[in-house]
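K.L.:
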Amino acid sequence: MQNIRRIYKTGPEALTVLDGAALSIQRGEIVALVAPSGAGKSTLLHLAGLLEKPDAGTVIIDGEDAGALPDSARTDIRLRKIGFVYQFHHLLPEFTALENIALPQMIAGRVEAQADRRSMELLEKFGLTARAGHLPGKLSGGEKQRVAIARALANNPALLLADEPTGNLDVATANTVFAELLRVVKSENVAAIIATHNPDLALRMDRQIRLQDGRLV
Ligand code: ADP
Ligand code: MG
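As structure tokens, this is what we get:
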């Protein structure tokens, strides 16, 4: 991300959330995005994930300048190269854990057998092999969030973006899920940006980036 500016114009006054934000991240690296609530963490992740466009600046993913691309190409990059994890799991309730992880792969063109194999591989990494056939309603909070992380990694993305991924879990569960997230992300060799306002979690990542007055330091 180079020189990113994002200004929200809703009421009479414009709100400058990002102004000159820059960030570079490599595969295999886990970066903590740390800032208090309202500072612009989610905004930054939405821009990095091509869900929003900056008012100025450039987002380059895997050597490709995403700002110059039409929406269809941005959607394609999102599907193939970017995984998202939110605070709430957003699993599809009528599909099993395995199916939730297989669906984005089939949308990206993998055949079912291949998608299922990859889904089982990820479920195994999270110790959830025995839960493959369960609907989200039959999973605990921590298990649902593990499945959501597995789904985000399903298409072997270059970049994983997580927005307070353990923010909805109790402290003990958050700790375990977070440790697993770090371990699996490392083993998958993706670049990861994980937003948190929890300094203890931030310390466990490779690098900490702070959002301050619209810039990243
Ligand atoms: P964080 O994730 O760090 O809590 P956000 O990125 O959600 O922060 O929000 C940063 C600021 O931008 C907040 O003041 C928020 O109210 C404002 N904001 C976020 N999204 C919008 C939007 N779509 N329109 C107007 N203001 C927004
Ligand atoms: Mg947020």
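Numbering (this note's numbering), first residue to last: 45 to 261. All residues carry an ideal CB built from backbone N, CA and C; glycine is no exception.
1. Let's test the definition: count the other Cβ atoms within 10 Å of the Cβ of SER86 and tell me whether it reaches 16, buried, or not, exposed.
2. Could you tell me the boundaries of the beta strand (DSSP E) in which PHE128 lies?
3. Would DSSP call ASN233 helix, strand or coil?
4. Tell me, please, which residues DSSP counts as bridged to LEU255.
5. Alpha carbon to alpha carbon, how far is LEU135 from LEU172? Give it in angstroms, no decimals.
6. Where does ILE104 land, buried or exposed, given buried means 16+ other C-beta within 10 angstroms?
7. Measure the beta-carbon distance from ASN212 to GLY181 and round it to whole angstroms, keeping in mind my assumption that it falls under 8 Å.
8. Taking 8 Å as the cut-off, decide whether the C-beta atoms of ALA218 and ARG162 are in contact.
9. Residues with a Cβ closer than 6 Å to any heavy atom of the ligand MG, in chain order?
10. In the DSSP assignment, the alpha helix (DSSP H) including ALA192 goes from what residue to what residue?
P.N.:
Short version:
1. buried
2. From DSSP, the beta strand (DSSP E) with PHE128 extends over 126 to 129.
3. In this structure, ASN233 counts as coil in the three-state DSSP scheme.
4. Paired residues: LEU260.
5. 15 Å
6. Exposed, because fewer than 16 other Cβ atoms sit within 10 Å of the Cβ of ILE104.
7. With 8 Å as the limit, ASN212 and GLY181 do not qualify as a contact, their Cβ atoms being about 16 Å apart.
8. no
9. LYS85, SER86 and ASP207
10. 185 to 197
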